[in-house]
Each structure stands twice: as C-alpha cells, then as structure tokens.
Amino acid sequence: MSHSLFLTTALEAARAAADVIRRYYQRNLDIVIKADKSPVTQADVETEQVIRTLIAGRFPDHGFYGEETGQNALDAEYLWLVDPIDGTKAFVREYPMFSTQIALMQRGRLIVGVSSAPVYGEIAYAEAGKGAWLNDQPISVSRIDTIEGAALSSGNLKTLASGPQWQSYGQLVKRLHRIRGYGDFLHYHLLAAGKIDAVIESDVNILDIAALSVIVEAAGGRFTDLQGQALNLNTTSVLATNQPLHRLVLEALQA
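FYI, in this note's numbering the residues of the sequence shown are 3 to 257.
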C-alpha cells in the first residue's frame, strides 16, 4: 500500500533518527539534567536535529514542537510533534525500552504517527483512516469486551496513586484477567496489535503519546485521557483500549 508524503516523510525521519541512535547507544554519554529533572544527552539533541532538518526541508511552512530543540509556529495548519528519544533513562542505562516518536497534527487532529524502537527492533506506524502497521505487517486491536477477560498494562502510576482514582483503579485491577506494566512504547504496540486490551498511564506529555494515539486508533482502538477527553497539547494521562472496553474501563475508574 502506498503512503502519503506525510507518512513517508515521518518514516524517513524515523530511519534517519535510528542511525543517530545506534551510533550513540552504549557509548557512556554525558548526561545533562533539565529543569524538569529529566535527563538529556547529545544523542537526544542530534536525533531531533536530524528529524527537524528533514521535515523542514520538505515542509517549510509546517510548525514544529520538539522535546529538545523547541517550538515554532504552533498555530500552523500542520504541526509536527517529536520526541527524539522517548525513554532517555532507558537509553542511558543501556536497555532497549526507548523509542523515537513522530506525529503530525492538522488543525488539532492527529493524522500521522510513527513509533520507532530501533534497538528493541520494532517500528509501528499509521495514518488516520488508512490502517496501522507493525514491522510492515497490518495490525488491529482485539475484540475482548469484558473487564474480566481483559489484559491491561499500566505505566507511570505515581500520580494516579496520589489522586482520587487510585481506589477505583485498585478495584479495577481485582477484576482483570491479567495486569502488566510493559511501559513506554511497548504496551501501545501490543494494544494496537491485539495482544493486550487496554493501557492506563499518568505522568505523560503529548510528545510521548501523540504518535501512539494515531497508531492505536488506526488499528481500531480508542485513545483518550483518564477522564475520557480527547487529546490536546496539554494532555497528561491516558486511557487507551481496544474499543469495546473503553466505556467499561472509564466507568470503573470513575466509580
């Protein structure tokens, strides 16, 4: 199947990013701690620069919102959202649970997503309304339609644990068939491929999840925040499901 120029560009950018990442991986890089206490390395910055240069060369009138190199033209019709290494702590500790996240938003609607984990060995991508792929194979979500039959993966639960939904989450966990914590890109890849059925996360930002939301929804799933609201640039939590489970899990969390 042929891809749009937008998705083709995002895939090319992900491949260029992977080249930089592989060059720096396991090289004992110097780490800088940013104001938000998250780490950044030269690999993060160079990876984003490569992505940004490629996109700007092809779409000079598009906006860009990057984790490391800043923002421009956030009010443009098309806005690229990029996290060059989502999971820098894993990258620094030299285990493969990190990825490059590239998404394209048109007038507030996310339309293209690429999630590339070059060391782990997976790349998932999608275009709204055109389907989703994992390692070039088409994928779709599961059809599990009961909480008791569902497998759920949770991540970044610290904020949830100190909030009003924690007790409801505990009651939900008791009902599930399986509870896991795959984390980062992986549980969204598993969800989109029908291997698990739901994901709950807190403490995220839009750059972590924008591309993954396109992939999950293009695979037939639902992707909102924990209040059931659509994603926006200020989203900080996730409820992602196969589709039949979305209302059921949302109601359980609000009980």
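Virtual Cβ for every residue (Gly too), placed ideally from N, Cα, C.
TODO: Please state if the CB of Gln229 and the CB of Ser170 are separated by a distance shorter than 8 Å.
DONE: no
Task: Own chain partners of Glu96 with C-beta closer than 6 Å, once the 5 adjacent residues on each side are dropped - done: Gln28
Task: Sequence-distant residues of its chain with Cβ nearer than 8 Å to Ala78 (five each side left out) - done: Asp63, His64 and Gly65
Open item on the list: Taking only three categories from DSSP, how would you classify Ser215?
Closed with: helix
Task: Ala105 classed as buried or exposed, judged by whether at least 16 other C-beta atoms fall within 10 angstroms - done: buried
Task: Span separating the alpha-carbon of Phe93 from that of Leu13 - done: 21 Å
Open item on the list: Considering only heavy atoms of the ligand GDP, does any lie closer than 7 Å to the CB of Asp227?
Closed with: As for the ligand GDP, it is missing from this structure, which has no ligand bound.
Open item on the list: Is the separation between the beta-carbon of Val218 and that of Leu112 shorter than 8 Å?
Closed with: no
TODO: Taking Val88 as the reference, give the member of Gly110, Phe61, Val116 and Ala75 with the closest Cα.
DONE: Reading off the sequence shown, one finds Asp at residue 88, where the question assumed Val. Considering only alpha carbons, the answer is Val116.
Task: Which of helix, strand or coil DSSP assigns to Thr226 - done: strand
- [ ] Just mark Asp21 as buried or exposed, buried being the case when its beta carbon has 16 or more other beta carbons within 10 Å.
- [x] exposed
Open item on the list: Can you look up Gln256 in the DSSP assignment and give me helix, strand or coil?
Closed with: coil
Open item on the list: Using a 10 Å radius around the Cβ and a threshold of 16 neighbouring Cβ atoms, would you call Val114 buried or exposed?
Closed with: buried
TODO: Taking only the alpha-carbon atoms, compute the straight-line gap between Glu69 and Glu50 and give it to the nearest angstrom.
DONE: 8 Å
TODO: Decide if Ala232 is buried, meaning its Cβ has at least 16 other Cβ atoms within 10 Å, or exposed.
DONE: exposed
Open item on the list: Can you look up Leu56 in the DSSP assignment and give me helix, strand or coil?
Closed with: helix
Task: Proximity of Ala19 and Thr90 at Cβ, strictly below 8 Å - done: no
Open item on the list: My output table needs one value for Gln231: the three-state DSSP class, helix, strand or coil.
Closed with: coil
Task: Segments of 3+ residues assigned as beta strand (DSSP E) that fall wholly inside the region 32–82 - done: 65–68
Task: The beta strand (DSSP E) enclosing Gln103, as first and last residue numbers - done: Ser101 to Gln108
Task: Distance between Ile198 and Tyr26 (C-alpha atoms, nearest Å) - done: 32 Å
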